[in-house]
Amino acid sequence: MIKNIEACIFDLDGTLVDSMWMWPEIDREYLGRFGIEYDDNLKNEIDGISFHETAVYFKNKFDIDDSIEEICKDWENMALDKYKYEVKEKPGCVRFLEHLKSKGITMGIATSNNRTMVEAVLGSLNMRHYFDAIITSDEVKKGKPAPDIYLQTAKELGVMPHKCLVFEDVVAGIKAGKSAGMKVCAIEDDFSREVRQKKKELSDYYIDDYRELL
């Protein structure tokens, strides 16, 4: 899989770390503050878009009076404790990162999350030192499924897109990687199990967890 590959670029949530479970909890709790009932279809509507774009979506869809900045700050505060104390790596992840490092393959992160939370979870799991570039969707023009974030990460790493291998757990992210002209390995995650077949169709490779690659 990594033959002729110079860089691996990873999504964060659901790909490097097992954290997708917490976002519906946060959305449900947050909307509950306004007396709004959480709808399970919501996750499909916001899949892949940036943290800031999601706040705009919530404000408009649910007619929330708080500013975009206030919404983002509330979510950040709700998520930070979970990132620091509850979120774990995906099975075999760190061993695989060590394997890539031993092969001289450069690594980066391209995430729809915001930088504060990315740094919090990477610090908690002692994973930050593996990555030479971290780009968030708030730092590019368009979030996933647009290719912007993967192209920007490749540029930061100094690697041509066709020499990059993307690891992703959701359809929007897989589409973003493919649109960037990169190979994509989809990874199993409970949060996206209902679209498993679609993920397999869109990606070049599919794994249940990183231990398959060791």
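Residue numbers for the sequence shown, in the working numbering: 2 to 215. C-beta: ideal position from N, C-alpha, C; glycine also.
Next on the checklist: Quick test of your reading: methionine 109 and threonine 154, contact by CB under 8 Å. State the CB separation rounded to the nearest angstrom.
Outcome noted: Working through the sequence shown from its first residue, we reach residue 109 at position 108. Working through the sequence shown from its first residue, we reach residue 154 at position 153. As written in the sequence, residue 109 is glycine, which differs from the methionine given in the question. Their Cβ separation, rounded to whole angstroms, is 4 Å, which keeps glycine 109 and threonine 154 in contact under 8 Å.
Item to check | When Cys165, Glu87, Pro25 and Ser20 are compared against lysine 4, the one with the closest alpha-carbon | outcome: Here residue 4 refers to the residue found at position 3 when the sequence shown is read from its first residue. That would be Cys165, whose Cα lies nearest to the Cα of lysine 4.
Item to check | glycine 109, enclosing alpha helix (DSSP H) - first and last residue | outcome: The residue given as residue 109 occupies position 108 in the sequence shown. Where glycine 109 is concerned, there is no enclosing alpha helix (DSSP H), although the beta strand (DSSP E) it sits in stretches over 107 to 112.
Next on the checklist: So if DSSP puts isoleucine 10 in a beta bridge, which residue, or which two residues, is it bridged to?
Outcome noted: In the sequence shown, residue 10 corresponds to position 9, counting from 1. Partner(s): Gly109 and Val167.
Checklist entry - Does the beta-carbon of leucine 215 have 16 or more other beta-carbons within 10 angstroms, so that it is buried, or is it exposed? => result As a first step, residue 215 must be located in the sequence shown, where it is residue number 214. With fewer than 16 other Cβ atoms from the protein chains shown falling within 10 Å of its own Cβ, leucine 215 counts as exposed.
Checklist entry - Between glycine 178 and threonine 16, what straight-line distance do the alpha-carbon atoms span, to the nearest angstrom? => result For the purposes of this step, residue 178 is identified with residue 177 of the sequence shown, where counting begins at 1. For the purposes of this step, residue 16 is identified with residue 15 of the sequence shown, where counting begins at 1. Their Cα atoms are separated by approximately 14 Å.
Next on the checklist: Can you tell me where the alpha helix (DSSP H) holding threonine 137 begins and where it ends?
Outcome noted: One-based indexing of the sequence shown puts residue 137 at position 136. Counting along the chain, threonine 137 falls outside any alpha helix (DSSP H), though it belongs to the beta strand (DSSP E) covering 134 to 137.
Checklist entry - Taking just the CA atoms, how far does isoleucine 47 sit from serine 204? => result Reading the sequence shown from its first residue, position 203 is the one you call residue 204. Reading the sequence shown from its first residue, position 46 is the one you call residue 47. Computed Cα separation, rounded: 21 Å.
Item to check | DSSP beta-bridge partners of glutamate 90 | outcome: If you number the sequence shown from 1, residue 90 lands on position 89. Per DSSP, Val18.
Item to check | Close Cβ partners of asparagine 42 (< 6 Å) along its chain, the five nearest in sequence each way excluded | outcome: Within the sequence shown, the letter at position 41 stands for residue 42. Closer than 6 Å at the Cβ level, and outside the excluded window around asparagine 42, lies no residue.
Checklist entry - Do the region 98 to 109 and the region 126 to 141 touch if we need at least three Cβ pairs shorter than 8 Å? => result Touching, yes, given that three or more Cβ pairs across the two stretches are closer than 8 Å.
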